[in-house]
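Protein chains in written order, with our numbering: chain G, 290 to 817; chain C, 140 to 259.
A short worksheet on the structure shown next.
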Amino acid sequence: MIGAGPAGLSAAVEAAEAGMRVAVFDENAGPGGQLFKQIHKFFGSRDQNAMIRGFQIGRNLLARAEAAGVEVFLNAPVMGIYKNHEVLVKIEDESVHFKGDNIIIAAGAAEVMVPFCGWDLPGVMGAGAAQTLMNRHGVLPGRKVLLVGSGNVGLIVGLQLLQAGCELVAVLDAAPRVGGYGVHAAKIARTGVPFLTSTTILEAKGDGKVEKAVIRKVDSRFQVIPGTERELDVDTILMAVGLSPMTQLASCAGCDVEYSDQTGRLSCITVTDEFCETTVAGIYCCGDFRMETAEGASSAILQGQIAASHIAEQAGYITGEECGARIAKCQETLRQMSGGMFSVKNKGRVDPTETDEGYPISRSLLERGYIAEEELQNYPAASYEAEGVHPVIECVQNIPCNPCRDMCARKCILVNGDITNIPLVDQTKKCVGCGLCVANCPGQSIFLIDKTSIPDYAAVSIPYEFLPLPEEGQKGTGLDRSGAPVCDALVMSVKTSPAMDKTAVLTMKVPLKYADSVRFFKAEGGAE
Amino acid sequence: MDITKQRRIQEHPILGSYEKGRVVHFTLDGKDMEGYEGEPIAAALKASGVMTHRYTAKHHKPRGVFCAIGRCTDCVMIVDGIPNTRTCITPLKEGMAVQAQYGVQTKEEWEASQEAKDGE
Ligand SMILES: Cc1cc2nc3c(=O)[nH]c(=O)nc-3n(C[C@H](O)[C@H](O)[C@H](O)COP(=O)(O)OP(=O)(O)OC[C@H]3O[C@@H](n4cnc5c(N)ncnc54)[C@H](O)[C@@H]3O)c2cc1C
Ligand code: FES
Numbered sequence: 290m291i292g293a294g295p296a297g298l299s300a301a302v303e304a305a306e307a308g309m310r311v312a313v314f315d316e317n318a319g320p321g322g323q324l325f326k327q328i329h330k331f332f333g334s335r336d337q338n339a340m341i342r343g344f345q346i347g348r349n350l351l352a353r354a355e356a357a358g359v360e361v362f363l364n365a366p367v368m369g370i371y372k373n374h375e376v377l378v379k380i381e382d383e384s385v386h387f388k389g390d391n392i393i394i395a396a397g398a399a400e401v402m403v404p405f406c407g408w409d410l411p412g413v414m415g416a417g418a419a420q421t422l423m424n425r426h427g428v429l430p431g432r433k434v435l436l437v438g439s440g441n442v443g444l445i446v447g448l449q450l451l452q453a454g455c456e457l458v459a460v461l462d463a464a465p466r467v468g469g470y471g472v473h474a475a476k477i478a479r480t481g482v483p484f485l486t487s488t489t490i491l492e493a494k495g496d497g498k499v500e501k502a503v504i505r506k507v508d509s510r511f512q513v514i515p516g517t518e519r520e521l522d523v524d525t526i527l528m529a530v531g532l533s534p535m536t537q538l539a540s541c542a543g544c545d546v547e548y549s550d551q552t553g554r555l556s557c558i559t560v561t562d563e564f565c566e567t568t569v570a571g572i573y574c575c576g577d578f579r580m581e582t583a584e585g586a587s588s589a590i591l592q593g594q595i596a597a598s599h600i601a602e603q604a605g606y607i608t609g610e611e612c613g614a615r616i617a618k619c620q621e622t623l624r625q626m627s628g629g630m631f632s633v634k635n636k637g638r639v640d641p642t643e644t645d646e647g648y649p650i651s652r653s654l655l656e657r658g659y660i661a662e663e664e665l666q667n668y669p670a671a672s673y674e675a676e677g678v679h680p681v682i683e684c685v686q687n688i689p690c691n692p693c694r695d696m697c698a699r700k701c702i703l704v705n706g707d708i709t710n711i712p713l714v715d716q717t718k719k720c721v722g723c724g725l726c727v728a729n730c731p732g733q734s735i736f737l738i739d740k741t742s743i744p745d746y747a748a749v750s751i752p753y754e755f756l757p758l759p760e761e762g763q764k765g766t767g768l769d770r771s772g773a774p775v776c777d778a779l780v781m782s783v784k785t786s787p788a789m790d791k792t793a794v795l796t797m798k799v800p801l802k803y804a805d806s807v808r809f810f811k812a813e814g815g816a817e
Numbered sequence: 140m141d142i143t144k145q146r147r148i149q150e151h152p153i154l155g156s157y158e159k160g161r162v163v164h165f166t167l168d169g170k171d172m173e174g175y176e177g178e179p180i181a182a183a184l185k186a187s188g189v190m191t192h193r194y195t196a197k198h199h200k201p202r203g204v205f206c207a208i209g210r211c212t213d214c215v216m217i218v219d220g221i222p223n224t225r226t227c228i229t230p231l232k233e234g235m236a237v238q239a240q241y242g243v244q245t246k247e248e249w250e251a252s253q254e255a256k257d258g259e
């Protein structure tokens, strides 16, 4: 196994649990690949690690690998794969040869770049680099940051910059719409960070380091529009413009690689069959290294299981029947996860106008990163009125996620049929205001609203993942979905619990007429 | 730079406080620096506000941390006399001597070679 990220580790666990002898090589000092820098709660379904933070998924995988007797070699870069499955590994300045009956390459992907004047200045970095510095090493990547690219990696890193205490000046995208999940964008937008779509970076300026960024609008054909330049004062520019699978080890091993646009952009990928096997028998690849279906760690884990099951069957460790059942289950989950408007097949498609349910698409969410108030009426779970406390769900795109349904002990929330369907509220069930749905929605798109318990006021509960945590009785300002101040707000309670896993539920009192507008709290005097 | 004044996250809303090694001393181009044992050299430099790790050979342009996972080689420096060391994945140790890299040389070597060129 080459690479101890989610793909390699899950394949290792699967193979070792089937009784095979497994060695994993990784060039890093610690295992986990990209997982240990991912501190957000994962999307998906509960049997696919939904609601669990990435680093915890990594810890769980490692514990299973250890229990299954997987041997992990760290600080062990694989330098080449040669004829007859010969693997050359550098271990403590020596070249060591290993041989495996089967090899799985799960070496991940690299961040891609777009060139612009000054892109090589210190202070221009990959968004993943900032994520590594903040979340693994506790070091601030910069103070005033511009983020270029609004795909999911960019949006996730954007929120993490705010959590680490950086100022996020803006999020740019050359496309006319936000590329990643609207719910990820909305978390950033409501703190007041502007989304600038149809905008690109022209130049990074500064003496030996980034001091300014020059940005410019582009038209629908990505041509810059003269006279639209703006300069932003920033010390850091982060690029989140995509990942590209690495193919070097596969080429070295003699596997066919080809140019393909199935990842949404032309990149070199390794040719594989449905079991992740390359054109060289016994050599497989999976995870970001293969990058075929939905990106991300959940899909990497499933692909690892598919490859390992196939190997275990070929080598006689499990029956064909067992293998078939396991692979079918993984493939069904992959199919479900890769559905919806963000699926690979829908990328680059003309904007859809309706959700799978037939609701109009929120244009504001796509263009500005938040839902406009007048659009809310299009979505039943976001706009119904009820007596007392009740959940309002502002999740309006078809994304593969459903833990809200399982979190509610009262069964107030429904996600019917496919996992990509938009949640609904069963109004015959009575919400008790426990806040578990608010804290555990990975998109942080559920709010509790109570318009009837305090005369002339409403209680609005929001998910809150910043420090310092506001306290009961604290005064501040209620911000709307775009981060604009709306009214005074008073903190009524701040709930935390192990079941909420570090997402606090903050309840604030706001004038009744702002109940549908206020979605964030900014403490008086302090930063948000 | 004194470790308490560095650009570090003291408490994180999700991760709490960070597990770090002991405070160690090292030098950057002869200047005294502080960092935590075991963290990447580049993390300690970033925390102290150091942006430039090296200058390119041909155009003499500054470069700093770019990928932070050992892929791009923009962060290479001379560490204990060994050039081309990727500082983003090399753990910091007590007493390390870190130097900015000019092409693949030290500043002194590079300046000497420039003078030799000018003399030609
Ligand atoms: C910088 C970065 C940040 C990301 N952030 C997010 C995020 O926040 N959210 C999200 O959903 N997805 C994110 N992704 C996508 C992420 O890659 C996947 O979620 C998932 O980690 C892929 O798993 P993997 O096992 O295929 O690859 P990885 O997790 O990348 O693991 C591959 C491992 O192989 C090792 N390796 C590579 N080459 C060799 C070699 N020659 N010898 C030995 N070892 C080798 C690598 O060092 C690494 O440890 C990010 C990707 C990157 C690159
Ligand atoms: S920053 Fe890319 S190798 Fe160190």
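C-beta: ideal position from N, C-alpha, C; glycine also.
Under the DSSP definition of a beta bridge, which residues are partnered with residue i?
i: isoleucine 735/G; result: Ile682/G
i: glycine 767/G; result: Cys776/G, Phe810/G
i: glutamate 492/G; result: Cys406/G, Val503/G
i: tyrosine 371/G; result: Glu375/G
i: cysteine 690/G; result: Gly333/G
i: proline 230/C; result: Pro179/C
i: glycine 415/G; result: Met528/G
i: histidine 151/C; result: Gly155/C
i: histidine 386/G; result: Leu377/G
i: leucine 435/G; result: Ala459/G, Ile526/G
i: cysteine 574/G; result: Ile394/G
i: valine 714/G; result: Ile702/G
i: lysine 326/G; result: Bridge partners of lysine 326/G: none, in fact.
Contact defined as beta carbons within less than 8 angstroms: I believe residue i pairs with residue j. What is the distance between those atoms, to the nearest angstrom?
i: glycine 397/G; j: glutamine 323/G; result: 7 angstroms
i: valine 560/G; j: aspartate 545/G; result: 4 angstroms
i: cysteine 684/G; j: cysteine 726/G; result: No, cysteine 684/G and cysteine 726/G are not in contact; Cβ-Cβ is about 11 angstroms, not under 8 angstroms.
i: valine 460/G; j: valine 442/G; result: Actually they do not touch by this definition, with Cβ atoms about 12 angstroms apart.
i: valine 499/G; j: threonine 525/G; result: 6 angstroms
i: lysine 200/C; j: tyrosine 194/C; result: 7 angstroms
i: leucine 436/G; j: glycine 454/G; result: That belief does not hold up - the Cβ atoms of leucine 436/G and glycine 454/G are roughly 15 angstroms apart, past 8 angstroms.
i: alanine 529/G; j: glycine 585/G; result: With a Cβ gap of about 14 angstroms, alanine 529/G and glycine 585/G do not count as contacting.
i: isoleucine 393/G; j: tyrosine 573/G; result: 5 angstroms
Run through DSSP, which three-state label would residue i get?
i: serine 252/C; result: helix
i: methionine 626/G; result: helix
i: alanine 307/G; result: coil
i: lysine 784/G; result: strand
i: glutamate 456/G; result: strand
i: leucine 363/G; result: coil
i: glutamine 449/G; result: helix
i: serine 598/G; result: helix
i: methionine 423/G; result: helix
i: isoleucine 743/G; result: strand
i: lysine 260/C; result: Limits of chain C in this structure are 140 at one end and 259 at the other, which puts residue 260/C out of reach.
i: valine 238/C; result: Note that residue 238/C corresponds to glutamine in the displayed sequence, not to valine. The answer is strand: DSSP assigns glutamine 238/C an E or B state.
i: histidine 164/C; result: strand
i: tyrosine 803/G; result: helix
i: threonine 709/G; result: coil
i: threonine 143/C; result: helix
i: cysteine 541/G; result: helix
i: glycine 258/C; result: helix
i: leucine 665/G; result: helix
i: methionine 340/G; result: coil
Can residue i and residue j be called in contact, C-beta distance under 8 angstroms?
i: glycine 732/G; j: valine 472/G; result: yes
i: glycine 294/G; j: alanine 395/G; result: yes
i: alanine 296/G; j: glycine 722/G; result: no
i: glycine 765/G; j: lysine 811/G; result: yes
i: glutamine 238/C; j: isoleucine 221/C; result: no
i: histidine 374/G; j: proline 179/C; result: no
i: arginine 479/G; j: arginine 699/G; result: no
query = For ligand 2, which residues count as neighbours when the test is a C-beta closer than 6 angstroms to any heavy atom?
reply = Val204/C, Phe205/C, Cys206/C, Ala207/C, Gly209/C, Arg210/C, Cys211/C, Thr212/C, Asp213/C, Cys214/C, Arg225/C, Cys227/C
task = Can you give me, in chain order, the residues of the segment 408-437 of chain G that have a beta carbon less than 9 angstroms from any beta carbon in chain D?
result = No chain D appears in the structure shown, which is made up of the protein chains G and C.
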